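Undergrad:
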Amino acid sequence: MTESYLKQQKLVTHTWSPDGQFVALSIKNTSNADIYKVGQLEKIGTWQKVSTLKDASQQINVLSWSVDNKILIGSDDRSVYVYRNINNTWSKDLVIITNEKAILSGEWAPNGQKCVVGTACHKAFVLFFEEKNNWWHNQQINCFYSSVTACRFHPSGRVLGLGSTDQTFKLVSCVIQENQNSEDQSYTGLFKDIKTFGEILVTINLNGWVNSIDFNQSGNKFAVAAHTGLIKQYSFNNDGSLIVDDEDKNASYIKETKPFNKILYLNDSTLVGVGYDRKPVLLNCDPTLKFTSIIEKCLAAEGEVQKSGSIAAAKQIFSGKGQKTDDDKFGHQTAINSVNKVSDNLISTSDVNGIINFWRI
Amino acid sequence: MAAVQVYSDAIRKTLEATLCLRAFPSEIIEKQSKPEIELNGYSSKTRQLVLSPIYLCRSEKEKCVIEPSINSTRISFSIKALDEVDRLIGEKFAKYLAVRADYFEILRRKPIPGYDISFLILDSHLEKYNVQGIINFIIDYVENIDKDLSDIKLNINTQARITAACFVGGLANQ
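Chains as they are written, first to last, in my numbering: chain A, 522 to 882; chain B, 1237 to 1410.
Next comes the structure, spelled out in structure tokens:
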């Protein structure tokens, strides 16, 4: 039931709750965000809808679940919503934001006290909660010449990476001086001494629109995926400055694949990229970026092969009917739009046709 | 035949790269999404969203231009016309298809200036149809257009010959 509903209504993106028990899905046709309680992981038919967030009037592009159970929603109708779960009911907070165009990207900070949204009006906004007014206020970052299509917080929460369709990536400081609670005071890694807002620390020119950015868990490396099919990895020195690699030793350009829509560090040594090739690509990123493999079979395909057994397979061969390939039956038929880490060796991907697949690493 | 194959292979490879489209809301008009390739030049703000056009020429008269952008791609073809009859057939053929553009969905009703037929492919088309299917449709068109037009020309010549023979025969019998 859920499976056919998703295929009919189409999916934009998905995100998991911190405990992995719930998943939020952005439904394209209804412009709602549905929250499901997960039954059996790869059997989407067992998922139960528990809630629907109906406030957006157009497609929800940004869906992010913070560590302290808040949901951030950003929509094509230029609205941003922050929901809190109070006694199993999702209630909306007031958000003050002065953007003029659609929200394209967004994410919570690692400590869940602030978030960033990238917009089509060439700006990024960092939202933080003001206790005395009981609303989410914003500070804007205005340093791009085109839409901000990718944003990601550094593990410190004091610096964020922003990518744009003006083919640049910028590392910008984002410490909110008005609200010291929004910073993680216990963090002791890179950028712990940053105290400014809006200061551009690094600018990188790429030869294509920036599709995705990610930082590794320890915060000493980050990777940028451009629309040319290129993924470039950069490293920081101990003082936070970028190691400049003139010979492009860290760049990985995979000639036979198409652009990546999203990249994700699974751990400090593994990066996964998903996009127009419709299958996840694994890259080894320690010490330099190197192509490892393509994950051919998703979890549903593995399960189906085990279930069919030798008699069913033999019947199919001798009856003369062609066996459907796993790609036709289980894989993605269109580009993968979204990837999330479910556990240390499992990722989930979704495409616009409402297919959600799980892949074992 | 080999020349057509090289031409169509080049178009196929280019289309596979340029048909990596995504849904993208307009930077000029709020709450709307427009094909950026059609808005190219309307505002300097959206210049970054449109890529440089790619020209593929089989000969001076037979060429193709592929104009990619972030959420749409426009492909235009110029049909080879060696004489007036070829030019007329090409025009009529292109008009016939353009009038029925609604059925084809990816066909642009009016070709861009300098070309005979244009296709406009949006991200919504790629959600509905298989990318390889759309590319195969366009390649089939490229590979068969010459044959279709020469068949039409042969048909016209045959009909003209039969008509002329009947007319002259009638005159002779008088």
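Backbone N, C-alpha and C define an ideal beta-carbon position, used for all residues, glycine too.
This structure is a prediction, so every number in the text was calculated from the model and none was measured.
1. How many Å lie between Q844(A) and T567(A) at the Cα?
2. Less than 6 Å between C-beta atoms, sequence neighbours within five positions excluded: which residues of the same chain meet that for D1382(B)?
3. Assign E1296(B) to buried or exposed, taking buried as 16 or more other Cβ atoms, counted over all protein chains shown, within 10 Å of its Cβ.
4. Output needed in chain order: residues of the stretch 1237-1256 of chain B with a Cβ under 7 Å from some Cβ in chain A.
5. Roughly how many whole angstroms lie between the Cα atoms of S814(A) and L804(A)?
6. In the DSSP assignment, what residue or residues form a beta bridge with Q661(A)?
7. Going by Cα to Cα distance, which pick from F1403(B), K1270(B), L1251(B) and S1314(B) is closest to S1354(B)?
8. Would V745(A) pass as a contact of F665(A) if the rule is Cβ separation under 8 Å?
9. Residues in the same chain with beta-carbon distance under 6 Å from I1264(B), minus the five sequence neighbours each way, listed in chain order, please.
10. To the nearest angstrom, how far is the alpha carbon of Y1365(B) from that of Q580(A)?
11. CA-CA distance, I565(A) and K818(A)?
12. Strictly below 8 Å CB to CB, what residues from chain B border Q698(A)?
13. Scan the stretch 529-603 of chain A and note each continuous beta strand (DSSP E) run of 3 residues or more that stays entirely inside, going in chain order.
14. Below 6 Å CB to CB, which residues in the same chain sit around S829(A) once its five sequence neighbours on both sides are set aside?
15. Pull up the CB-CB distance for L810(A) and I752(A), whole angstroms please, since I reckon it's below 8 Å.
16. By DSSP, does Y1291(B) sit in helix, in strand, or in coil?
17. Does A671(A) have its Cβ less than 8 Å from a Cβ in chain B?
18. Within this structure, are the beta carbons of I1273(B) and V1286(B) separated by less than 8 Å?
19. Does any residue of chain A bring its CB to less than 8 Å from the CB of K1267(B)?
20. Would you identify the three-state DSSP class for F1340(B), choosing helix, strand or coil?
21. Exposed or buried, T709(A), counting other C-beta atoms within 10 Å across all chains shown (16 or more means buried)?
22. Assign F1403(B) to one of two classes, buried (16 or more other C-beta atoms within 10 Å of its C-beta) or exposed (fewer than that).
23. With which residues is R1310(B) paired in a DSSP beta bridge?
24. So for D872(A), helix, strand or coil by DSSP?
25. Span of the beta strand (DSSP E) holding K1331(B)?
26. By Cβ distance, which residues of its chain are closer than 8 Å to S1269(B), with the 5 residues on each side in sequence left out?
27. Kindly indicate which three-state DSSP category N526(A) falls into: helix, strand or coil?
28. Are the CB atoms of V616(A) and W586(A) within a distance shorter than 8 Å?
29. Between which two residues does the alpha helix (DSSP H) holding E1248(B) run?
30. Between G541(A), K575(A) and S572(A), which has its C-alpha nearest Q561(A)'s C-alpha?
31. Suppose only complete runs of 4+ residues qualify. What are the alpha helix (DSSP H) ranges in the stretch 1357-1401 of chain B, listed by chain order?
32. So which residues on chain A does E1363(B) lean against when the C-beta distance must stay under 8 Å?
33. So, does the CB of P1261(B) fall closer than 8 Å to a CB anywhere in chain A?
34. Could you tell me the distance, in whole angstroms, from the CA atom of V696(A) to the CA atom of R605(A)?
35. Rounding to the nearest angstrom, what Cα-Cα distance links P808(A) and Q754(A) in this structure?
36. With DSSP as the reference, label S829(A) as helix, strand or coil.
TA: Taking the coordinates as given:
1. Taking the first residue of the first sequence as position 1, residue 844(A) is located at position 323. Taking the first residue of the first sequence as position 1, residue 567(A) is located at position 46. Per-residue confidence for Q844(A) stands at a pLDDT of 45, beneath the threshold of 50, marking its modelled position as unreliable; the derived number appears in the next sentence. Rounded to whole angstroms, Q844(A) to T567(A) spans 27 Å at the Cα level.
2. One-based indexing of the second sequence puts residue 1382(B) at position 146. No residues qualify anywhere along the chain.
3. Your numbering for residue 1296(B) matches position 60 in the second sequence. Its Cβ having fewer than 16 others within 10 Å, E1296(B) is exposed.
4. C1256
5. Here residue 814(A) corresponds to residue number 293 of the first sequence, with the count starting at 1. Here residue 804(A) corresponds to residue number 283 of the first sequence, with the count starting at 1. Each residue's alpha carbon lies about 7 Å from the other.
6. The residue labelled residue 661(A) in the question sits at position 140 within the first sequence. Note: Q661(A) sits in a beta bridge opposite F646(A).
7. Position 118 of the second sequence, counted from the start, is the residue given in the question as residue 1354(B). Of the residues F1403(B), K1270(B), L1251(B) and S1314(B), the one whose Cα lies closest to the Cα of S1354(B) is S1314(B).
8. Taking the first residue of the first sequence as 1, we reach residue 745(A) at position 224. Taking the first residue of the first sequence as 1, we reach residue 665(A) at position 144. Between V745(A) and F665(A), the gap from beta carbon to beta carbon reaches 8 Å or more.
9. Position 28 of the second sequence, counted from the start, is the residue given in the question as residue 1264(B). S1279.
10. For the purposes of this step, residue 1365(B) is taken as the residue at position 129 of the second sequence. For the purposes of this step, residue 580(A) is taken as the residue at position 59 of the first sequence. Y1365(B) and Q580(A): Cα-Cα distance of roughly 21 Å.
11. Locating residue 565(A) in the first sequence gives position 44, counting from the first residue. Locating residue 818(A) in the first sequence gives position 297, counting from the first residue. Rounded to the nearest angstrom, the two C-alpha atoms are 17 Å apart.
12. Translated into positions along the first sequence, residue 698(A) becomes position 177. Within 8 Å Cβ-Cβ: nothing; Q698(A) doesn't reach chain B, min ~31 Å.
13. 532-537, 543-548, 554-558, 569-574, 581-586 and 591-596
14. Counting from 1 along the first sequence, the entry for residue 829(A) is found at position 308. Bear in mind that a pLDDT of 45 at S829(A), under 50, signals an unreliable position, so the number given afterwards is only what the model happens to contain. Cβ within range, chain order: n/a, list empty.
15. Mapped onto the first sequence, residue 810(A) falls at position 289. Mapped onto the first sequence, residue 752(A) falls at position 231. The Cβ separation is near 7 Å, so the contact holds.
16. Working through the second sequence from its first residue, we reach residue 1291(B) at position 55. In this structure, Y1291(B) counts as strand in the three-state DSSP scheme.
17. Within the first sequence, the letter at position 150 stands for residue 671(A). Chain B, which has no Cβ nearer than 8 Å to the Cβ of A671(A), makes this no.
18. Taking the first residue of the second sequence as 1, we reach residue 1273(B) at position 37. Taking the first residue of the second sequence as 1, we reach residue 1286(B) at position 50. Yes. Within cutoff.
19. Here residue 1267(B) refers to the residue found at position 31 when the second sequence is read from its first residue. At least one chain A Cβ lies under 8 Å of K1267(B).
20. Taking the first residue of the second sequence as position 1, residue 1340(B) is located at position 104. Helix at F1340(B).
21. For the purposes of this step, residue 709(A) is taken as residue 188 along the first sequence, with counting starting at 1. With fewer than 16 other Cβ atoms within 10 Å, it is exposed.
22. Your numbering for residue 1403(B) matches position 167 in the second sequence. When all chains shown are included, F1403(B) counts as exposed.
23. Here residue 1310(B) refers to the residue found at position 74 when the second sequence is read from its first residue. Bridge partners of R1310(B): E1303(B) and L1356(B).
24. In the first sequence, residue 872(A) corresponds to position 351, counting from 1. Here D872(A) sits in strand by DSSP.
25. In the second sequence, residue 1331(B) corresponds to position 95, counting from 1. K1331(B) -> not in any beta strand (DSSP E); alpha helix (DSSP H) instead, spanning E1320 to V1335.
26. Stepping through the second sequence from its first residue, residue 1269(B) is reached at position 33. Closer than 8 Å at the Cβ level, and outside the excluded window around S1269(B), lie A1259, F1260, P1261, S1262 and N1307.
27. The sequence position of residue 526(A) within the first sequence is 5, counting from 1. Strictly speaking, residue 526(A) in this sequence is Tyr, with Asn absent from that position. Looking at Y526(A) - three-state DSSP - the assignment turns out to be helix.
28. Taking the first sequence and counting its residues from 1, one reaches residue 586(A) at position 65. Taking the first sequence and counting its residues from 1, one reaches residue 616(A) at position 95. In terms of Cβ geometry, W586(A) and V616(A) do not form a close pair [threshold 8 Å].
29. Indexing the second sequence from 1 puts residue 1248(B) at position 12. Looking at the sequence shown, residue 1248(B) is not Glu but Arg. Per DSSP, R1248(B) is one residue of the alpha helix (DSSP H) stretching across A1238 to T1254.
30. Sequence index remark: in the first sequence, residue 561(A) carries index 40 (1-based). Checking every option, the nearest Cα to that of Q561(A) belongs to G541(A).
31. 1359-1364
32. Mapped onto the second sequence, residue 1363(B) falls at position 127. Within chain A, the residues near E1363(B) are K531, T855, V873 and N874.
33. Numbered from its first residue, the second sequence carries residue 1261(B) at position 25. Closer than 8 Å to some Cβ of chain A, the Cβ of P1261(B) qualifies, so yes.
34. Here the question's residue 696(A) lines up with position 175 in the first sequence. Here the question's residue 605(A) lines up with position 84 in the first sequence. Each residue's Cα considered, the two are about 23 Å apart.
35. To locate residue 808(A), count along the first sequence from 1; it is residue 287. To locate residue 754(A), count along the first sequence from 1; it is residue 233. Roughly 10 Å between the two C-alpha positions.
36. Position 308 of the first sequence, counting from 1, holds the residue named residue 829(A). Note that S829(A) scores 45 on pLDDT, short of 50, meaning its location in the model is unreliable; the coordinates nonetheless yield the value given after this. Residue state, collapsed to three classes: helix.
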